[in-house]
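K.L.:
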Amino acid sequence: MQVQQRVPLTRAALPAARLSMVQATPAEVGTAPAIRSVVTVDAGGVPARLYRDGDHDAMPVVLYAHGGGWVMGSVATHDGLCRHLAAASGWAVLSVDYRLAPEHPYPAAMDDVARALTWLRGPGATRHGLDPGRIAVAGDSAGGHLAAVTARRARDAGIRLAGQILICPVIDPAADYPALDEYGLDREEMLFFWDAFAPPGVDRTQPDLDPLRADLTGLPPAVVITAELDLLSAEGERYAARLLAAGVPVTATRYQGLIHNFPRKLALFDAAHIALAQLAAALNRW
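Residue numbers are given in UniProt numbering: position 269 of the sequence shown equals residue 269, and the series is strictly consecutive.
#1: Measuring only from the beta carbon, is A234 closer than 6 Å to any heavy atom that is part of the ligand ADP?
#2: Taking the beta carbon of V75 as the centre, do at least 16 other beta carbons fall within 10 Å, making it buried, or is it exposed?
#3: What's the C-alpha gap between H260 and L14?
#4: If we ignore side chains and look at the alpha-carbon of each, how far apart do R52 and R121 end up?
#5: What is the C-beta distance between L212 and D172, in whole angstroms, given that I count them as a contact (C-beta under 8 Å)?
#6: Whole angstroms are fine: how far does the CA of C82 sit from the CA of G268?
#7: Can you tell me which of the three DSSP states I259 falls into?
#8: Per the DSSP calculation, Q206 is bridged to which residue(s)?
#9: With a threshold of 16 other CB atoms inside 10 Å of the CB of H56, please say whether the residue is buried or exposed.
#10: Kindly give me the distance between the Cβ atoms of M21 and G80, rounded to whole angstroms, as I take these residues to be in contact under 8 Å.
#11: Express the C-alpha separation of Q23 and Q4 in angstroms, rounding to a whole number.
#12: Taking all protein chains shown into account, do 16 or more other C-beta atoms lie within 10 angstroms of the C-beta of A282, making it buried, or fewer, making it exposed?
#13: In terms of residue numbering, what span does the beta strand (DSSP E) encompassing D42 cover?
#14: Checking the sheet assignment: what are the DSSP bridge partners for D186?
#15: Could you give the C-beta distance for E228 and L9, rounded to a whole number, given that I count them as a contact under 8 Å?
#16: Assign R160 to buried or exposed, taking buried as 16 or more other Cβ atoms, counted over all protein chains shown, within 10 Å of its Cβ.
#17: Just to confirm, is the Cβ distance from P198 to Y98 under 7 Å?
#18: Going by alpha carbons, who is nearest to W91 out of H78, V71, L50 and D111?
#19: Should A27 and G143 be called a contact, given that it needs their Cβ atoms to be closer than 7 Å?
#20: Using only CA atoms, which one of P132, A275, H104 and L244 lies nearest to W69?
#21: Quick test of the definition: if touching needs 3 or more C-beta pairs under 8 Å, does the stretch 151-169 touch the stretch 111-129?
#22: Write down the C-beta distance between E237 and R254 rounded to the nearest angstrom, noting that I regard them as a contact closer than 8 Å.
#23: Identify every residue that forms a DSSP beta bridge with V96.
#24: Less than 7 Å between C-beta atoms, sequence neighbours within five positions excluded: which residues of the same chain meet that for A17?
#25: Considering Cα atoms alone, identify which of P220, L258, L63 and H84 is closest to A246.
#26: Using beta-carbon positions only, say whether A277 and P263 come within less than 7 Å of one another.
#27: Comparing alpha-carbon positions, which option in A136, A32 and G257 lies nearest T77?
#28: Give me the Cα-Cα distance between K265 and R36, rounded to the nearest whole angstrom.
#29: Of all the beta strand (DSSP E) runs that stay within the bounds of the stretch 153-177, which reach a length of 3 or more residues?
#30: Should residue 287 be labelled buried (16 or more other beta-carbon atoms within 10 Å of its own) or exposed?
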């Protein structure tokens, strides 16, 4: 793979980075399938997009948190992935447009996802024919972190979720990243993301920021996808091992020769379609 020079990510460069992610999306994700219904919703005060590829009532639903280092990404950048997931699984997908850092640092994003979950279990289910008893959480990269934390918070609140899907997740704020990863994500970017989301002075050892420090017993079944050439693969796999040690049913899969967040890049990697099929199969088991 050819190594490309990248401009260091800084707060001043963030608007351009956000735009670049949007502009790259068509080439990375490709053409999304036509599905029965895509609607913009107000999920308890949080903007979101609901995808359905069926018309039956009591449809199970995936609560999806997009990636982008907590500082970029949106329902638009993940529209194709969510359409594919809805079409492949038969589940509805609610993609949450949570507030971004550094304008809205921790805990804003987590609180937005939590509000969307509350909405799904009440007025959202009633209004849109969803099953409030079959909700899974999912996310990629920083969204995987939000999904993992949401699953634990739900357990602590006595809410039983059907499962959790963590795609190349960010997990460990204290990770000792290699100096350089040439394949899509590097150490300096991760340090920027963490400082934007949980600025210096915030206690990053609390379980809402470091899921490895949480009590993981009683969490819902998990699928954890990692990629061989991803800076985050080791921490995602450590988290999968911790879940398993806590008695949580886990399927952890490392895709060889793949880069960070490859499952979203359906136009670039054949393996992205295999990962999508794996996620759909897990949802149908739950």
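Idealized CB from N, CA, C, for every residue including glycine.
P.N.:
With the structure as the only source:
#1: The ligand ADP is absent from the structure shown, which contains no ligand whatsoever.
#2: Within the sequence shown, the letter at position 75 stands for residue 75. Result: buried.
#3: On the sequence shown, position 260 is the one that residue 260 refers to. On the sequence shown, position 14 is the one that residue 14 refers to. Taking the straight line from one Cα to the other gives about 20 Å.
#4: If you number the sequence shown from 1, residue 52 lands on position 52. If you number the sequence shown from 1, residue 121 lands on position 121. Computed Cα separation, rounded: 17 Å.
#5: The residue you call residue 212 lines up with position 212 of the sequence shown. The residue you call residue 172 lines up with position 172 of the sequence shown. About 6 Å separates the two Cβ atoms, so the contact holds.
#6: As a working note, residue 268 is residue 268 in the sequence shown. As a working note, residue 82 is residue 82 in the sequence shown. Sequence inspection shows Leu at residue 268; the Gly mentioned does not correspond to that position. For L268 and C82, the distance between alpha carbons rounds to 17 Å.
#7: Counting from 1 along the sequence shown, the entry for residue 259 is found at position 259. Residue state for I259 is assigned as coil, using DSSP reduced to three classes.
#8: Here residue 206 refers to the residue found at position 206 of the sequence shown. DSSP output for Q206 lists no bridge partner at all.
#9: In the sequence shown, residue 56 corresponds to position 56, counting from 1. Counting Cβ neighbours within 10 Å, H56 comes out exposed, since fewer than 16 surround it.
#10: If you number the sequence shown from 1, residue 21 lands on position 21. If you number the sequence shown from 1, residue 80 lands on position 80. About 13 Å separates the two Cβ atoms, so there is no contact after all.
#11: Residue mapping note: residue 4 aligns to position 4 of the sequence shown, counting from 1. Residue mapping note: residue 23 aligns to position 23 of the sequence shown, counting from 1. Note that Q4 scores a pLDDT of 41, beneath 50, so its modelled location is shaky; the value from the coordinates is reported in the next line. Rounded to the nearest angstrom, the two C-alpha atoms are 18 Å apart.
#12: Along the sequence shown, one-based indexing puts residue 282 at 282. A282 should be labelled buried.
#13: Counting from one through the sequence shown, the residue named residue 42 turns up at place 42. From DSSP, the beta strand (DSSP E) with D42 extends over S37 to D42.
#14: To locate residue 186, count along the sequence shown from 1; it is residue 186. For D186, which the question treats as bridged, DSSP gives no partner whatsoever.
#15: Here residue 228 corresponds to residue number 228 of the sequence shown, with the count starting at 1. Here residue 9 corresponds to residue number 9 of the sequence shown, with the count starting at 1. Not really, about 23 Å apart at Cβ, beyond 8 Å.
#16: Numbered from 1 along the sequence shown, position 160 holds the residue referred to as residue 160. R160 should be labelled exposed.
#17: Looking up residue 198 in the sequence shown gives position 198. Looking up residue 98 in the sequence shown gives position 98. The amino acid at residue 198 is misidentified as Pro; the sequence shows Ala. Not a contact, by the Cβ cut-off of 7 Å.
#18: Here residue 91 refers to the residue found at position 91 when the sequence shown is read from its first residue. Residue L50 is the option with its Cα nearest to W91.
#19: Numbered from its first residue, the sequence shown carries residue 27 at position 27. Numbered from its first residue, the sequence shown carries residue 143 at position 143. Not closer than 7 Å, so no.
#20: Here residue 69 is taken as the residue at index 69 of the sequence shown, counted from 1. Reading the sequence as shown, one finds Gly at residue 69 and not Trp. For G69, the nearest C-alpha among the options comes from H104.
#21: yes
#22: Within the sequence shown, residue 237 is the residue found at index 237, counting from 1. Within the sequence shown, residue 254 is the residue found at index 254, counting from 1. Between R254 and E237 the Cβ distance is about 7 Å, and since that is below 8 Å, they are a contact.
#23: Counting from 1 along the sequence shown, the entry for residue 96 is found at position 96. For V96, the pairing in a beta bridge is given by DSSP as A48 and A65.
#24: Residue mapping note: residue 17 aligns to position 17 of the sequence shown, counting from 1. The residues are L9 and M72.
#25: Residue mapping note: residue 246 aligns to position 246 of the sequence shown, counting from 1. Checking every option, the nearest Cα to that of A246 belongs to P220.
#26: Counting from 1 along the sequence shown, the entry for residue 277 is found at position 277. Counting from 1 along the sequence shown, the entry for residue 263 is found at position 263. No; because the gap between Cβ atoms is not below 7 Å, this pair is not in contact.
#27: Taking the first residue of the sequence shown as 1, we reach residue 77 at position 77. Nearest C-alpha to T77: A32.
#28: Residue mapping note: residue 265 aligns to position 265 of the sequence shown, counting from 1. Residue mapping note: residue 36 aligns to position 36 of the sequence shown, counting from 1. So the two alpha carbons sit approximately 23 Å from each other.
#29: 163-167
#30: It is not possible to answer for residue 287, since the shown part of the chain is limited to 1 through 286.
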